[in-house]
Each structure stands twice: as structure tokens, then as C-alpha cells.
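Peer 1: Heads up: the sequence lines are chains A and B, in that order.
So the first sequence is numbered by this note's numbering: it starts at 539 and just counts up by one.
So the second sequence is numbered by this note's numbering: it starts at 809 and just counts up by one.
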Amino acid sequence: MRIALVGTPNVGKSTLFNELTGLSQKVGNFPGVTVDPLVGSISSDNQQLELIDLPGIYSLDAVSEDEQLTIDVLTGRHKAISRPDAVLLVMNAQNPEKCLVLFSHLAQLGLPLMVVVTMVDSVKLSGGVFDDITLFHELGVNIYPVVGRKGLGVTEVRMALSNGAWKLPKVPEIEGTSLEDRFAWSRAVVAKVLISGSADVLRTRIDGVVLHPVWGTLLFLGVMAFFFQAIFSWAQPMMDGIDTFIASMQEAVEHQSINPTLRSFLSKGLLSGVGSVVVFLPQILLLNLLVVLLEESGYLARAAFLVDRAMGLFGLQGRSFIPLLGSFACAIPGIMSARIIPSYRDRLVTIMATPLMTCSARLPVYALIISALIPAGTIGGVFSLQAAVMAGLYALGAISGLLIALVLKKTMFKGAVIPFLIEFPPYRAPSLKSLWVTVYGRTKDFLTTAGTVILGFSIALWILTELPQTDRSSAASAVEADRVQIEQSYAAAIGKAIQPVFAPLGFDWRITLGVLSSFTARETFVSSMGQIYAADVQESDVPLRNVLRSQYPLAVGLSILAFYVYALQCISTIAIMRRETGSWKWPSIAFAITFTLAYLASLTVYIIAS
Amino acid sequence: MNLESIPVGEFCRILDIQGDVLAVRRTKELGLVHGVVCRVIRKAPFHGPIELAMTLGNIGIRTSEELRIEVEPVQLQRSEAA
């Protein structure tokens, strides 16, 4: 039996879904959907139940693509997801009017229904009463009160689901079809079933601070600084640990006496590929944990209210702030966190802007090129010129990303304008089980979908950079062997072949090769240049940056920097974009736009500087 | 008069919502239908979103050319309010 979990946003639907299905849930792998609904199974003695968590809706008229999916599934019009056998409707006891309006629409579907009422404890706590027996008589379907975040009543719901406590709902007798008429009916029902308790004074007080123009903004900046610090710095020890572990495994493989090509494949292809997937896990875990906490606690809606005006200048909405900020650490978790944006179009525009935020993988490249080719002077005797260039690169990336979002919103996504509209959910402590299930699910999803693509690309890059294998024994030293290997590789051949394309930017074939090899991760540019110039570094006994300084003029340095600001030089970002947008179309467009911008920016800089 | 001209802390009744079809529908689905009385709780600076309190909860809304909300001021005693 297939059951659809339906509700208006902010009723605790996801928490209930997590409590009901736990770790059995997985991403529904339906072809051609813009949002992948989660599917979970509930097994009971007599049958297997499948619960599908559909995006929140208010009625059977969609405003966004996500809502359209829910409506198509419920009405049986969806091409890939078959119509469910029954509907489990989630209702919020504190504010049931909107939920009842949704019920009035769902009752006309002709599907058996069951209602779960959440937050009954909050009503009781405030001194109010929620009468589920009267509601049962009004709606004609079974009503189950739960406290989702404590798991109370969830067992009863699970039993009711499998015992077939389904009933066809009474179709409400509403005069007229307008929303006003539906709300009039809904209010009449609420008057019978709910006696509200006292107003939430604590919430009003907290809002007074959190949404205050000065204190609220300061708090917001503090929360965001914490958020950034967590993914930027706190993930680092774990990431270093993973790198060290992978390096020790590679070391172990290098000492095995096996076929050298196989050895190179295992160490530089497979292990470093696995490493480049696993290394994202600390940031993904932390960012998802923080995002779910922000969302569930009710703070995210308030933060969105505060920054909406500023984000609106670029055609983005308040919630876009989180993915963009996260992308300053790494675009992979940043793009994943765009799931907090409820509409597909807004999500897409935000995702298209994220790769231009300066991620931490660009830092080693910037650091190398700046220290090598930018003079160490000061501006006005105070600011270091090198630091100013670094800050300028950050600003250039951020501003360009936001402008791309604005242009996309004005061109490709013209039309659908949903102005800022948001409900303020009550503040609440998140359910630990729900938190764990969500973070676990998203991490697993990353490994199975984006992770496999990243691994595949990494192995393809190994083929390009390590094949054909050169005879290492004839080389004078290991360093020399590395240099010969990379210069004889297919990548070098490609680098030399396409070098004319990059020649106008001032790139010689070595830089072109460095740029190509950095597709696995941008910082690879540094190690590639290190390999290419290894012999020179060893002979002259000076750091790589000094060797580069003797080889290239300032104009080439600026040109490389401009290229790295824009180019979507990261297969992992491409893989996660494909995962989150549902097709190769958007990563391809993003790649084309950023490559064009990168090329033009480098060209302009190179011509002006030389 | 329009919603933006209601001062913070004052009550008003919704008379009409005009603009983009989808925006108007979503606003109504959130409970801001004709005849509803709400209170302006706060306004974000620089013509940012406005927070409104209704009996069915608080919402944040940003009016624009795509979403114009016509209201009339209501004088209410505090005890009558939501």
C-alpha cells in the first residue's frame, strides 16, 4: 500500500515522517522530477507500507514546481510517480485553519484519509483545549494526536496505518468556491474543536530581539559568523585527518610490488578519487546539521525576514543567504543547503550563483599566485597590496555571482514572481531523532549520487594525467620521474593541443596543464605546478613561488587569478549541481556561463596589464 | 489605503489584494483573505517585509508592484484583538 504524507508547510510533517520511517527512508529515484521526494517503508505483520513525503501544499493549485509535483501525484497525473492509495494529512493543532482549508480540497480527491494532529502538547501547555473527537465527527476520518518531536502517539499512527483505519472523508458543505468561503467553513470548524490558550508571551519577547533592526541584525551576523566558522575552520581537522589517512593508504600501496600501472591506478586513481569524495563529508555533515537546526528551531524564517530586502536587490530571497554563505567554505555543502528554499526556480537561481563565491579550494591557488607574482608593496603605506588583491578577488566573485543571479532572474526566470511571503513558525527544540535521520539521509544521498560521479571523474582524470605510463627507472630521481610522467601524459598532450585557445590569456602549456588537472579540485593546480617545476625547485633550491616569479610576468599572474575567480573548475560542484537540479542542463549552462566569463575576464586583464 | 501606510502596532482590515495571480493566491492561502483583521507587528527597514499578526499566526510579507494590499484602519480595544 502506498500512502502520501501531505500537509501545509511548517506543521511538523518532516519530523513525523522521520519518526515514522526512521532510517528506512531513501531518496525516491523517479525520473524527470525537479525535487526528489523521500520514500520510507513501514513494515507490519500483514503488509508492507510505503510512505512518500510530498512537498508541502496549501491547496490543489500550485504556486511552485515543488507544489505541482505533490498535486500531480495526488490527482494521478504524474508521469513517474503513481497515484497513492491513501493520504495521511498532517495538521497543526495550534493553527488548524490553513490545514482545514487544505482538507476541504483533499476531501474532493476521493482518496481515503487519516489525520495526524501535531503540537497538541503546545496547545495544552498554553492552557488551551483541542477536541479531536469533535474533529472526527466534523471531518469523518480518524484523528491521531501526536507529539512528533517526542515520538508520542507515533506507534498508534503506525498501527492505524497498517490496520486500515482509513475512511473516505466527508466532503465539507461549503457555499461558494472562493478561498474566503473555505476559510469561513474552516473557522467555523476551528471554533468547535479548539479553545486557544494564552498568547505565547515568550515568543513575542524573543521575536522582539531576534527581529529587532539593530539587535536582530547583530544576532544574525553572529549566527552567520558561527555558521561560517564551523564549516570553514572546525571541519578542517577532520578533513586533514581524512587526507592523512588516504595519504597513508597511498603510501602503503606505493610500496607493494605489483604492476606499476595497477599501483598507480590504485593509489592515484582509486584512492585519491575516494579521498576526494570522503573529504567533503565533515563539511556536509556540519552544514546539514546546522541548517536543519536553523530550520527546525524557527530561526531560519526570522533570518530570511531580516535579509530579504538586501537579497531582493539581486532577485534572490532571504533564504538564499545560507547556500551563498556556505559556498564561501565549499560549494558542495552550499548547493546542498539550497534545499531550504521552497521553490525550484528560486533554488535554481541561487545554485547558479554559488560557484562564484570564493571557496576554500581557491585559496591555495590565490595564495601561490599572489605570493609569486604580485609585488609585496603597500597601498598608502598601510594596506598590503597582496592582501588587497586577495580581498578584491573575494569581492569580485561575490558581486559577479549576485549579478548572474539578477540577470538570470530578469531573463530565463522572468515571470514567476512570488514576492516574499513567509509564515513564522513557533520556536521549538528540534527532535534529535529527526535531526539524525535527516543528516544521515542527506549524507548517504551525497555519497551515492554525487559521490559516484565525482569518483568516476577522478578516475577519468587519472587516465589523462598518469597514462601512458613512463619508465620511471630510467629517470634520475623520483622528482624527475614525476616531471617526465606529467609532461608525457595525455593531459599534457591535450594541454599542448588546446594551448592556442588559452594563449591569448598568456597561459603557456604548463599553466594550461595545471588548469586542466585542477578539475578534480582547484587546489590541485598548486601540486601540478609543483610537479612541473619540481626539477627547477630542486636545482635552484628556492620555493616554487620564486621559480614562478622568474618564469612569468605580473600580467600572467593576474590573468590566472581572474580565470580562477570565474571558471567552474570543479567536477564535484558539477556533480552536486546535477544532483540538486535534476539534470545535466543546469551544470552545463553554469559551466558555459562561467567559462565565458573566465575567458573574457582573463583576456581583459591580460591585455590591460601587458 | 495600502498596507504600508498602516503604522506599526495598528490594526487594519483587508479589503482587496491585487497583483500577480500566483502571489495573490498564495497570500490568501496564508489566511490573508478579504475581511480579515490583522495587526502590523513590525516593518523591516528600507521597505523590507512587514510582519502581520492574525488569529491564525504571524506572517511576513513584502508588498511590491506584484502584490498590492488595500486595507482600512480599524480601531480596536486591546481585548478585542487577536
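Using N, Cα and C, we set each Cβ at its ideal position, and we do this for glycine too.
Give me the Cα-Cα distance between residue 890 of chain B and residue 587 of chain A, rounded to the nearest whole angstrom.
Peer 2: Bear in mind that a pLDDT of 46 at residue 890 of chain B, under 50, signals an unreliable position, so the model cannot answer this.
Peer 1: Residue 838 of chain B touches chain A at which residues, Cβ-Cβ below 8 Å?
Peer 2: Going along chain A in sequence order, the residues near residue 838 of chain B (Cβ under 8 Å) are 596, 636, 959 and 961.
Peer 1: So, residue 1057 of chain A versus residue 999 of chain A, is the Cβ gap smaller than 8 Å?
Peer 2: A contact, by the Cβ cut-off of 8 Å.
Peer 1: Determine the closest residue to residue 942 of chain A out of A/891, A/928 and A/965, with distance taken between C-alpha atoms.
Peer 2: Nearest option by C-alpha distance: A/891.
Peer 1: Whole angstroms is fine: what's the gap from residue 658 of chain A's alpha carbon to residue 933 of chain A's?
Peer 2: Taking the straight line from one Cα to the other gives about 48 Å.
Peer 1: Strictly under 8 Å for the Cβ-Cβ distance: is residue 601 of chain A near chain B by that measure?
Peer 2: At least one chain B Cβ lies under 8 Å of residue 601 of chain A.
Peer 1: Is it right to say residue 836 of chain A is buried, meaning 16 or more other beta carbons lie within 10 angstroms of its own, or is it exposed?
Peer 2: Under this definition residue 836 of chain A is a buried residue.
Peer 1: If you count every other CB in all the chains shown that lies within 10 Å of the CB of residue 1021 of chain A, and 16 or more means buried, which is it?
Peer 2: Buried, since its Cβ has 16 or more Cβ neighbours within 10 Å.
Peer 1: Helix, strand or coil for residue 543 of chain A, going by three-state DSSP, please let me know.
Peer 2: Strand at residue 543 of chain A.
Peer 1: Confirm, please, whether the CB-CB distance from residue 1044 of chain A to residue 1144 of chain A is below 8 Å.
Peer 2: The answer is yes: Cβ separation under 8 Å.
Peer 1: Which class does residue 868 of chain B belong to by DSSP, given the choice of helix, strand or coil?
Peer 2: Note: residue 868 of chain B maps to strand in three-state DSSP.
Peer 1: Mind pulling the beta strand (DSSP E) runs of 3 or more residues that sit fully within the segment 705 to 773 of chain A?
Peer 2: Here no run is fully enclosed.
Peer 1: Suppose you measure from the CA of residue 633 of chain A to the CA of residue 867 of chain B; what does that come to, to the nearest Å?
Peer 2: Roughly 12 Å separates the two Cα atoms.
Peer 1: Taking only the alpha-carbon atoms, compute the straight-line gap between residue 1001 of chain A and residue 1028 of chain A and give it to the nearest angstrom.
Peer 2: Approximately 8 Å, taken between the alpha carbons.
Peer 1: When you compare only the Cα positions, how much space is there between residue 1127 of chain A and residue 746 of chain A?
Peer 2: Taking the straight line joining both Cα atoms gives about 43 Å.
Peer 1: Between residue 1093 of chain A and residue 1147 of chain A, how many whole angstroms is the CB-CB distance? I'm expecting something under 8 Å.
Peer 2: Indeed, because the Cβ distance is near 4 Å, the residues count as touching under 8 Å.
Peer 1: Give the single residue among B/821, B/853 and B/825 whose Cα lies nearest to the Cα of residue 754 of chain A.
Peer 2: Out of B/821, B/853 and B/825, B/853 has the C-alpha closest to the C-alpha of residue 754 of chain A.
Peer 1: Tell me the residue span of the beta strand (DSSP E) that contains residue 861 of chain B.
Peer 2: Run containing residue 861 of chain B: 858 to 862, per the beta strand (DSSP E) assignment.
Peer 1: Do you know offhand how far residue 829 of chain A's Cα is from residue 695 of chain A's?
Peer 2: The alpha-carbon atoms of residue 829 of chain A and residue 695 of chain A are separated by roughly 28 Å.
Peer 1: Give me, in chain order, the residues of the same chain whose beta-carbon lies closer than 8 Å to that of residue 1084 of chain A; leave out the 5 immediate sequence neighbours on both sides.
Peer 2: Cβ neighbours of residue 1084 of chain A beyond the five flanking positions: 910 and 1078.
Peer 1: For residue 834 of chain A, return the contacting residues in chain B, with the cut-off set at a CB-CB distance below 7 Å.
Peer 2: The contacting residues do not exist; residue 834 of chain A stays about 17 Å from chain B at best.
Peer 1: Does DSSP classify residue 575 of chain A as helix, strand or coil?
Peer 2: If DSSP states are grouped into helix, strand and coil, residue 575 of chain A belongs with coil.
Peer 1: Name, in chain order, the residues that DSSP records as bridge partners for residue 681 of chain A.
Peer 2: Answer is A/653, bridged to residue 681 of chain A.
Peer 1: Please confirm whether residue 687 of chain A and residue 967 of chain A have their CB atoms less than 8 Å apart.
Peer 2: Their beta carbons are under 8 Å apart, which means residue 687 of chain A touches residue 967 of chain A by this criterion.
Peer 1: Are the beta-carbon atoms belonging to residue 924 of chain A and residue 868 of chain A less than 8 Å from one another?
Peer 2: No; because the gap between Cβ atoms is not below 8 Å, this pair is not in contact.
Peer 1: What does the alpha-carbon distance come out to for the pair residue 816 of chain B and residue 601 of chain A?
Peer 2: Computed Cα separation, rounded: 30 Å.
Peer 1: By the three-class DSSP mapping on this structure, what secondary structure does residue 668 of chain A have?
Peer 2: Residue 668 of chain A: strand per DSSP, three-state reduction.
Peer 1: Which complete alpha helix (DSSP H) runs does the segment 985 to 1014 of chain A hold, if anything under 4 residues is left out?
Peer 2: The qualifying runs are 989 to 1004.
Peer 1: Let me check one thing: in DSSP terms, what residues is residue 629 of chain A bridge-paired to?
Peer 2: Note: residue 629 of chain A sits in a beta bridge opposite A/655.
Peer 1: So, helix, strand or coil for residue 881 of chain A, using DSSP?
Peer 2: DSSP places residue 881 of chain A in coil when its eight states are reduced to three.
Peer 1: Mind pulling the chain A residues with CB within less than 8 Å of residue 865 of chain B?
Peer 2: Chain A residues near residue 865 of chain B: 632, 633, 961 and 962.
Peer 1: Could you name the residues of chain A that residue 815 of chain B contacts, counting a contact when the two beta carbons are closer than 9 Å?
Peer 2: In chain order: nothing, as chain A lies at least about 16 Å away.
Peer 1: Going by beta-carbon coordinates alone, are residue 993 of chain A and residue 752 of chain A separated by less than 8 Å?
Peer 2: No, Cβ-Cβ distance for residue 993 of chain A and residue 752 of chain A is not below 8 Å.
Peer 1: Assuming residue 851 of chain B is part of the beta strand (DSSP E), what are its boundary residues?
Peer 2: Element bounds for residue 851 of chain B: 845 to 851.
Peer 1: Give me whichever residues DSSP pairs with residue 819 of chain B in a beta bridge.
Peer 2: Residue 819 of chain B is bridged to B/847 and B/882.
Peer 1: Nearest-angstrom Cα distance between residue 1082 of chain A and residue 865 of chain A?
Peer 2: If I take the Cα positions, the gap works out to 29 Å.
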